[in-house]
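Enquirer: To start, I am sharing the structure in question, which I have written as structure tokens.
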Amino acid sequence: MFDKLPELIDPIYSVNHNKHFVGRVNQARLKRLADMVLSADREVEVQLDFYYDRALRFPAFVMKLKTNLNLQCQRSLKPFDYAVETEVKGIFTESMALIDDLPADIEVYDLEGGKVSPLGWIEDELLLCVPIAPIDEQNSMDYENDSIPDVVAKETVLQEEAFKKPNPFAVLQGLKK
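Count along the sequence shown starting at 1, add 17, and that's the number in our numbering.
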């Protein structure tokens, strides 16, 4: 088994020959992803399977990705590892007019030329997996906000005292009668 993906893949040739690629890509090679993570020294495990989808009647592929992204927790501001394991199914087409009846979970790739770089597909899919505000559920904040229970307790005491005080308008109620 090769540990390196090819730089360029001919999708139609790969579909016609049911090609299967397994390899690793360093996150540092994915420039847009490297800008979003704290440390881009991790490996991305990639599995690409090409085939002809008889049900959809299109050349297709399945890409599986597995990696850990080093992100900064927005709650504690500490780095943490965010595990990503995703699978995407895509088809190739020469005309976008042919894709009207496809299911929503199928990615569509336009065949512009001969060979394509799988690094773009990998990077796009990993960017979709990065959360907008990453939070590590195992981290907690370094401080506790104790003022909120005190405010609630003070409001409760003030409300109880208000019920104990005599109503200043009670005298007027007596005069009205």
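Ideal Cβ placement from N, Cα and C applies to all residues, glycine included.
1. Closest to T110 by C-alpha separation, out of D122, D127, E104 and K95, would be which residue?
2. For P151, I'd like the list of residues in its chain whose CB is within less than 8 angstroms of its CB, leaving aside the five on either flank, ordered along the chain.
3. Tell me which same chain residues have a C-beta within less than 7 angstroms of the C-beta of K132, skipping the five on either side of it?
4. Quick one: grab the DSSP three-state call for K171.
5. Counting only runs that start and end within the region 52-135, where is the beta strand (DSSP E) found for 3 or more residues in a row?
6. Quick check on this structure: which residue in L145, L189, E140 and V147 has the alpha carbon closest to the alpha carbon of V42?
7. Kindly list the residues whose CB is nearer than 6 angstroms to the CB of K21, restricted to its own chain and excluding five residues on each side of it in sequence; keep chain order.
8. Do F67 and I108 have their C-beta atoms closer together than 8 angstroms?
9. Under the assumption that N85 contacts R59 (Cβ atoms under 8 angstroms), give the Cβ distance between them as a whole number of angstroms.
10. Counting C-beta neighbours from all protein chains within 10 Å, is the total for V188 16 or more, i.e. buried, or is it exposed?
11. Leaving aside the five residues before and after V32 along the sequence, list all residues of the same chain whose C-beta is less than 6 angstroms from its C-beta, in chain order.
12. From the DSSP output, which residues share a beta bridge with F38?
13. To the nearest angstrom, how far is it from the Cα of R49 to the Cα of E177?
14. Tell me whether the beta-carbon of V147 lies closer than 8 angstroms to the beta-carbon of K106.
15. Counting C-beta neighbours from all protein chains within 10 Å, is the total for E142 16 or more, i.e. buried, or is it exposed?
Expert: If we stick to the structure as given:
1. Residue numbering aside, residue 110 sits at position 93 when the sequence shown is read from its first letter. T110 has its Cα closest to that of D127, out of D122, D127, E104 and K95.
2. Taking the sequence shown and counting its residues from 1, one reaches residue 151 at position 134. The answer, listed in chain order, is L88, Q89, C90, Q91, F97 and Y99.
3. Locating residue 132 in the sequence shown gives position 115, counting from the first residue. Once the five neighbours on either side are set aside, the close Cβ partners of K132 are L25, I26 and D27.
4. By 1-based counting over the sequence shown, the position of residue 171 is 154. Helix at K171.
5. 60-70, 75-89, 96-110 and 123-127
6. Position 25 of the sequence shown holds residue 42. For the residues L145, L189, E140 and V147, the minimum Cα distance to V42 belongs to E140.
7. By one-based count along the sequence shown, residue 21 stands at place 4. G40.
8. Position 50 of the sequence shown, counted from the first residue, corresponds to residue 67. Position 91 of the sequence shown, counted from the first residue, corresponds to residue 108. Not a contact, by the Cβ cut-off of 8 angstroms.
9. One-based indexing of the sequence shown puts residue 85 at position 68. One-based indexing of the sequence shown puts residue 59 at position 42. 6 angstroms between Cβ atoms; contact.
10. Within the sequence shown, residue 188 is the residue found at index 171, counting from 1. By the neighbour-count rule (16 or more Cβ atoms within 10 Å), V188 is not buried but exposed.
11. Reading the sequence shown from its first residue, position 15 is the one you call residue 32. These residues qualify, in order along the chain: F67, Y69 and P76.
12. Taking the first residue of the sequence shown as 1, we reach residue 38 at position 21. BP columns for F38 point to L65.
13. The residue given as residue 49 occupies position 32 in the sequence shown. The residue given as residue 177 occupies position 160 in the sequence shown. Going by the C-alpha atoms only, they are around 59 angstroms apart.
14. By one-based count along the sequence shown, residue 147 stands at place 130. By one-based count along the sequence shown, residue 106 stands at place 89. In this structure, K106 does not lie closer than 8 angstroms to V147 by Cβ.
15. Residue 142 sits at position 125 when you count from the first residue of the sequence shown. That one is buried.
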